[in-house]
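In full-length UniProt numbering, the protein residues as written are 1 to 82.
As structure tokens, then:
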């Protein structure tokens, strides 16, 4: 599972590309809410371990839901079913 400690470990000061990708994912999650999961057709969701991008998306959605930043039309209770 991708926890805050793992995220901090991966986000070192010299890791600007990762920070940029995380920022883009965060903004997309804010704009699309849980509907973002409908745009993952090119992400291999059946791999083990699962691609880290899926954990980042789930974490963003959980954070946005807990802060009330998801729009009311978003199905907040959904978790990933990859």
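Just so you know, even glycine gets a beta-carbon here, dropped at the ideal spot from N, CA and C.
Here the structure is a predicted model, which means the values were calculated and not measured.
Beta-carbon separation (whole angstroms), residue 57 vs residue 36, contact threshold 8 Å | 6 Å
Quick one, are the C-beta atoms of residue 54 and residue 45 less than 8 Å apart?
-> yes
Identify whether residue 67 lies in helix, strand or coil by the three-state DSSP scheme.
-> coil
Can you say whether residue 33 is buried or exposed, counting buried as having 16 or more other CB atoms within 10 angstroms of its CB?
-> buried
For the candidate residues 29, 39, 47 and 48, whose alpha-carbon lies nearest to that of residue 69?
-> 29
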